[in-house]
Every structure is written in structure tokens, then in C-alpha cells.
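What follows is one structure encoded as C-alpha cells, with my remarks underneath.
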Amino acid sequence: METIQENILNNYFQLKQQIPENTTVVAVSKFQSIEKIKILYDLEQRDFGENYVQELKSKYEQFPKDIRWHFIGHLQTNKVKYIAPFIHLIHSVDSLNLLKEINKEGKKHQRIINCLLQIHIAKEETKFGLSFEEAKELLHSQEISEFQNVKILGLMGMATFTDNVQQIESEFASIKAFFDKIKQDIKCPILDIKILSIGMTNDYKIAIAHGSNMIRIGTLIFGERNNNSI
Ligand SMILES: *Cc1c(COP(=O)(O)O)cnc(C)c1O
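Each residue of the sequence shown is one higher than the last, beginning at 3 in our numbering.
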């Protein structure tokens, strides 16, 4: 356990040294044990990201309530209700229908739920997300302008999993350009665009060079994920 603790400590401080101070690190804790998360919590890390609703809910219940939990996985409409009371930021909104459900649950719990639109920038077809066109359409829709319990704070994207740096750069450049464009052009009452959530273990440096102010880091902090470890 001691070496695991030392590794996490070293990884974490090394990462923190390499990034600008205003970059939020979301520690991606999916499949990571309570003990490992606790190590980071004790270092004052407060932003944690999870992909699965049940796992997130269980961890939420076991930790102090000052953790800011981020939902970064694909979210099914019928599961919004489980995270609505406490979620800090949902990164993965990819349909009007999902946003509508989040608004409904926000209202039920008398809170405003902060969201990002997930944009599909990767080549892989399996990844979820809206195209730029679909995102624009969503932001222009009459319906969302009436939502009282949801706010869109920015965009999230995942680059293609590849060693081809140019490919990753061009994908991050495209989402940054879109981010700047909607910030300037789109007037939508529930839009308050300031977060660009791009960059993971393999590409966070490229992401930061392309305007990321929120990176989602799992492996680089915790080591390889073990699906059986929780
Ligand atoms: C798992 C995951 C991450 C973290 O990935 P690492 O490569 O381990 O840093 C980031 N974002 C999303 C959406 C993920 O699913």
C-alpha cells in the first residue's frame, strides 16, 4: 500500500507541476478503490470523474460532501434521477432529450445542474457526442431557452486514440474554434460558456496547448485501471 500511495503522490504532483494553475484536473476514479481516492482527497484534490451511475452513487455516499463529482460517461435518460441531487457537472450531454430530463430532475431537487455538451471530434465511430451542426441546432432550439434548472457551461470532447499527434491537434483545434465561435455568436439564456473539457492521460499536453481549461486524468494519476478492484 505504501508504494501505491507514493506512486499516486508522485504522479499527482508531477502532473500539477506541468499544467497551468487555472487548469482544473478532474481525477478520473472509475474502477479505482476508495483507498486510492482517499489518498488524493487527503492531498486536497476535490474534483473526481466517474463513468457509471451506480459506481458514482456508491462512492458519493462513502465520501465527504465537499467532493465535486463529475459525470463523464454516457448517461442514459432513465438514470439521471440517481445523480441529480448531487452531481457537480455532467460532461456528456449529447441530446436535447437528455438535457430536458436533467432540467426536469434539477427542478425536482430545486437546483441548477451544470452541464457540458459532448462534441464528437474523434474518428472512431463508437464514441458518443454531437456533431458541431447538432450542437448548434440544440443551442438554437426554442425549447432549451425555457429550461430553468440546467446550465450549459461549455464543451467536452475526446480525441481519437492514436499516436498521430497531428490528428489529435486538428481535432482539439476544431473544438476550440467551435468553442470560440459559439461564445461569440450564440445568445442562449442557459448558455454560460467557459469550460473546455479536453485532454486525458495520453493527450492532455496537446489539449492544454489548444485551450483546454479542464483535463480528465485517470491512468496518469492512479496507474492502470483494474476492472475488478472495486
Ligand atoms: C476514462 C476516461 C478518462 C480518463 O482516461 P485516462 O486515459 O485514464 O486518463 C477521461 N475521460 C473520459 C470520458 C473517460 O471515459
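Note that CB positions come from ideal geometry on N, CA and C, so glycine has one too.
Apart from sequence neighbours up to five positions away, the residues of its chain that approach Thr203 with a beta-carbon distance below 8 Å are Ile219, Gly220, Thr221 and Leu222, ordered along the chain. DSSP, reduced to helix, strand and coil, places His122 outside both helices and strands of the structure shown, so it counts as coil.
Looking at the DSSP output, Val28 shares a beta bridge with Arg218.
Here Glu171 carries a helix assignment [DSSP, helix/strand/coil]. Per DSSP, reduced to three states, the secondary structure at Lys153 is strand.
Annotation: the segment 68-101 contains the following complete segments of the beta strand (DSSP E) (minimum length 3 residues), in chain order: 70-73 and 91-95. Here Glu173 is not near Ile217, since their CB atoms are 8 Å or more apart.
Closest by C-alpha distance to Lys67, out of His90, Val55 and Thr5, is His90. Ser60: not part of any beta strand (DSSP E); member of the alpha helix (DSSP H) spanning Val55 to Gln64, first to last residue.
For Glu52, the enclosing beta strand (DSSP E) covers residues Asp49 to Glu52. Lys153 places its beta carbon less than 8 Å from that of Asp194. For the pair Ile115 and Ala86, the CB atoms are nearer than the 8 Å cut-off. DSSP places Ile208 inside the alpha helix (DSSP H), whose first and last residues are Tyr206 to Ala211. Between the beta-carbon of Glu52 and that of Lys32 there is about 5 Å, and that keeps the pair under the 8 Å contact cut. Under the DSSP assignment, Leu42 falls in the alpha helix (DSSP H) whose first and last residues are Ile36 to Asp44.
Cβ neighbours of Leu98 within its own chain (closer than 6 Å, five residues either side excluded): Leu140. Residue pairing for Ser199: DSSP places it in a beta bridge opposite Met158 and Met216. At the C-beta level, Phe50 and His76 stay beyond 8 Å of one another. A distance below 8 Å between beta-carbons, with the five flanking residues on each side excluded, links Leu118 to the following residues of its chain, in chain order: Leu91, Ile92, His93, Ser94, Val95, Ile154, Leu155, Gly156, Leu157, Met158, Ile197 and Ser199.
Under the DSSP definition of a beta bridge, Cys117 partners with Ile92 and Ile154.
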